[in-house]
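Take a look at the structure set out below.
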Amino acid sequence: MSDRVSRRTLIAAGGSAALGATVAGVPVAYADRRGRGGGGGGGTVPEPLKVPEAIGRGGAVASVDPYASEVGIKVLQDGGNAADAAIAMAATLGVTEPYSCGLGGGGFFVFYDARSGKIRTINGRETAPASFTEAQFTDGSGKALDFDTVVNSGLSVGVPGTPATWAVAARRFGTRKLDELLRPAEDLARRGFVVDANFNAQTAANAERFAMFPETIRVFLPGGEVPEVGSALRNPDLADTYRRLRERGIGDFYRGRLARAVVSESRRPSTAPGVEVLGGKMTPGDLRHYSAPVQQPTKSKFGHLDVYGMSVPSSGGIAVGAVLNLLDAYLEVSGLPLSELTEVEYLHQFSEACATAFADRNRWIGDVPDVPVKELLSKGFAHERASLFDPDKAQPRPIPFGFPDGDYEEPPVSGDRQSEPYEGRSTTHLNAVDRWGNVVAYTLTIEQTGGSGITVPGHGFLLNNELTDFNFVPVTAGVPDPNLPGPGKRPRSSMSPTIILEGDQPVLAAGTPGGATIITSVAQIIAGHLGRGLPLVEAIAAARLSSRNGTEQADLGLVDSETGAALRSLGHNLEAATWIGNASGIAVAEDRLTAAAETERGGGGAARVVKPE
């Protein structure tokens with residue numbers, strides 16, 4: 000696929016839109032859309048195209064959204080680095096993807112520094128209030144509270160980490176002031192963006208619960224109506240909030256007027272007449288004491304490549320690394336590298352590796368001391384776990400967890416078979432590479448689509464429901480659960496922003512939204528591109544299999560295909576899904592960059608390069 004835009008792409012991007020200017024060599028469609036929402040207003044709104052692949056030099060970006068990718072490539076063209084571009088893109092996604100991310104959420108930022116050759120990460124995960132206990136989401140008898148009741152309430156809201164992440168990234172890794180990087184998002188929120196089919200569908204799906212909160216209706220369903228595809232939605236409240244952060248700094252979010260607004264709304268959500276929801280426990284002290292620490296990444300091997308990801312409280316870096324370790328270990332059983340396996344053989348191995356990694360992830364990973372990260376990513380543990388693999392049939396689900404204890408000489412010992420915990424799926428991901436070779440993979444979220452459903456009055460952004468990523472009660476009675484709530488604790492996440500190096504040179508940055516399916520999707524993209532030799536855009540577009548040691552889903556028709564039938568004959572219990580994730584990535588080959596995004600999922604993504612071939 001090239002950067003040239005087909006008639007079909009033009010139609011998908013805006014119907015009768017006429018070609019106008021170009022962005023990094025890619026024609027931009029301009030549609031005459033009249034602004035509406037959050038205060039009204041008019042004027043035309045530019046509608047950039049979604050282009051799933053861009054190849055060239057001088058820098059690249061890839062994301063789910065053309066507005067964000069357009070902003071990111073402009074930052075790179077103007078001399079900013081990858082961290083600068085990523086921050087500006089993330090702020091823009093807070094405008095155009097407000098149900099997936101924004102100021103009221105958190106995320107994980109992975110940065111490769113070309114000068115030092117080192118990778119560092121920023122832990123911007125939300126935290127529980129200091130008053131939380133392990134029994135926070137149970138009634139007096141120890142029974143779990145109703146999940147949906149908690150989601151749509153202030154009790155689900157964790158202390159947001161996204162603003163702090165941007166501040167740390169700008170200070171530690173960027174070259175531009177945060178004031179400058181937030182300006183494009185402020186301008187877009189004030190001017191408005193063109194509503195696409197995905198945004199329209201997400202709004203419609205959440206309209207009933209959004210109706211519980213009048214401010215959410217006012218901002219995101221102006222006039223009480225779901226914004227039509229092709230209309231332009233403005234958010235002047237969010238524009239004013241970005242302006243305030245630009246002028247007063249991120250400290251205002253954690254210690255100033257914005258902090259007071261967040262605390263007040265989370266503790267006593269503004270609801271429609273007759274609607275009552277649980278209040279939250281967040282205090283001004285919880286916001287004031289929040290930090291987004293810079294951490295070491297996880298490191299594992301995939302063949303001769305070094306795989307870097309996010310460590311605890313994310314399970315992403317560990318679980319993705321474990322899946323790839325197991326695929327390497329299965330080579331001794333099959334005798335064939337991934338590139339020589341049939342599609343059925345490959346997906347069977349992939350499913351078994353994912354289910355096994357999830358069994359160990361659910362038992363051992365959480366925001367607790369002494370998570371055995373090194374052992375979970377060790378080749379010895381992978382070989383011990385791989386000894387259970389059968390090339391001719393699937394293991395019964397759920398697979399019992401293993402013991403990453405460093406003793407892998409004796410026959411493997413297995414623990415209990417644990418059920419699959421729930422995790423929300425609304426997140427977003429972006430990637431950036433600059434002319435100097437710095438790389439960013441950044442995944443951010445407000446948990447499920449629309450978060451808690453609560454919009455901070457006068458400020459235009461939704462609050463997360465991230466605390467429902469904790470397990471409400473232990474997954475298995477009598478077995479320690481590392482993901483129960485606790486004071487100041489960060490809920491376990493599956494977000495898996497990943498950077499892969501060959502020697503000291505980057506070869507891939509990738510990630511996706513999708514809750515627990517993030518782990519399987521990122522691992523499958525890596526295995527497809529770097530293990531089976533697919534071009535990156537094809538590895539992203541390929542039908543996905545997500546086996547999470549309980550649910551085993553497949554999308555894009557895989558279930559009903561001949562491959563799906565063959566997998567079922569091996570004992571795989573496949574469940575059809577429309578889309579699994581909405582991924583993007585950038586492949587690096589010396590100074591040649593291939594930015595890639597979805598071709599179909601979510602209506603397609605947006606790839607850009609500074610100097611197209």
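Numbering of the sequence shown is given in numbering that gives the first Met the number 0, commencing with residue 0 and proceeding in unit increments.
Each residue gets a CB set at the ideal place from its N, CA and C atoms; glycine is no exception.
- Message: If we require 3 or more residues per run, which beta strand (DSSP E) segments fall completely within the segment 561-589?
- Response: With a minimum length of 3 residues, the continuous beta strand (DSSP E) runs that stay inside the segment 561-589 are 574-576, 583-588.
- Query: Can you tell me where the beta strand (DSSP E) with V608 in it begins and where it stops?
  - Reply: Run containing V608: 605-611, per the beta strand (DSSP E) assignment.
- Grab the span of the alpha helix (DSSP H) containing K298 for me, first residue to last. Careful: K298 lies outside any alpha helix (DSSP H), inside the beta strand (DSSP E) at 297-301.
- Task: Determine the burial state of R170: buried for a count of at least 16 other Cβ atoms within 10 Å of its Cβ, exposed for fewer.
- Result: R170 comes out exposed.
- Item | Any alpha helix (DSSP H) of 4 or more consecutive residues that is wholly inside the segment 234-315 | The segment 234-315 contains these whole alpha helix (DSSP H) runs: 235-247, 250-254, 256-266, 283-287.
- Message: If you follow the beta strand (DSSP E) that S545 is in, where does it begin and where does it stop?
- Response: Looking at the DSSP string, the run of the beta strand (DSSP E) that includes S545 is 544-546.
- Query: What are the boundary residues of the alpha helix (DSSP H) that K378 is part of?
  - Reply: For K378, the uninterrupted alpha helix (DSSP H) segment begins and ends at 378-385.
- Item | Check whether K373 and L569 have beta carbons under 8 Å apart | 8 Å or more divides the Cβ of K373 from the Cβ of L569.
- Query: Run through DSSP, which three-state label would K73 get?
  - Reply: Three-state DSSP puts K73 in a helix.
- Query: Mind checking R247: buried by the 16 CB within 10 Å criterion, or exposed?
  - Reply: So R247 ends up on the exposed side.
- Query: Can you tell me whether F212 is buried or exposed, with buried defined as 16 or more other CB within 10 angstroms of its CB?
  - Reply: Residue environment: F212 is assigned as buried (16 or more neighbouring CB atoms within 10 Å of its CB, all protein chains considered).
- Query: Quick one: any contact between the segment 546-558 and the segment 463-471, if contact means 3 or more CB pairs under 8 Å?
  - Reply: No: fewer than three Cβ pairs fall under 8 Å.
- What residue does the alpha helix (DSSP H) around S350 start on, and which one ends it? Where S350 is concerned, the enclosing alpha helix (DSSP H) starts and stops at 342-363.
- Message: Any beta carbon from chain B within less than 8 Å of G604's own beta carbon?
- Response: In the structure shown, chain B cannot be found, because there is only a single protein chain.
- Item | Residues that V60 bridges to, as DSSP identifies them | Looking at the DSSP output, V60 shares a beta bridge with A431, R607.
- Item | Closest residue to S152 among L535, F209, A129 (Cα-Cα distance) | With distances taken between CA atoms, S152 lies nearest to F209 out of L535, F209, A129.
- Item | Cα-Cα separation between G39 and P496, rounded to whole angstroms | With a pLDDT of 40 at G39, under the threshold of 50, the modelled position of this residue cannot be trusted; read the value that follows with caution. Roughly 37 Å separates the two Cα atoms.
- Backbone CA spacing between L466 and L286 [nearest angstrom]: Cα atoms of L466 and L286: separation of roughly 15 Å, rounded to the nearest angstrom.
- Task: Give the range of the alpha helix (DSSP H) segment to which V439 is assigned.
- Result: Note, V439: premise wrong, no alpha helix (DSSP H); beta strand (DSSP E) at 438-446.
- Heavy atom of the ligand MG less than 7 Å from the Cβ of L507, yes or no? Although the ligand MG was asked about, the structure shown includes no ligands whatsoever.
- Item | Three-state secondary structure (DSSP) of D415 | Reduced to three states, the DSSP call for D415 is coil.
- Query: When the Cα atoms are used, what is the spatial distance from T126 to E612?
  - Reply: Roughly 44 Å separates the two Cα atoms.
- Message: I'd like to know whether the C-beta atoms of H428 and S313 end up nearer to each other than 8 Å.
- Response: No. Outside cutoff.
- Message: Spatial neighbours of P456 within its chain, please: C-beta separation below 8 Å, excluding the five flanking residues on both sides.
- Response: Closer than 8 Å at Cβ, skipping near neighbours: E214, A260, E264, S269.
- Item | Of the residues T174, R124, I54, the one placed nearest N80, counting alpha carbons only | When each option's Cα is compared against that of N80, the closest is T174.
- What is the residue span of the beta strand (DSSP E) that V158 lies within? Segment: none, V158 is in no beta strand (DSSP E) and carries neither H nor E.
- Going by CA-CA distance only, name the one from D195, V109, D145, V149 that's closest to G315. The shortest Cα separation from G315 among D195, V109, D145, V149 belongs to V109.
- Item | Cβ pair G191, R256 closer than 8 Å | Not in contact: G191 and R256 (Cβ atoms no closer than 8 Å).
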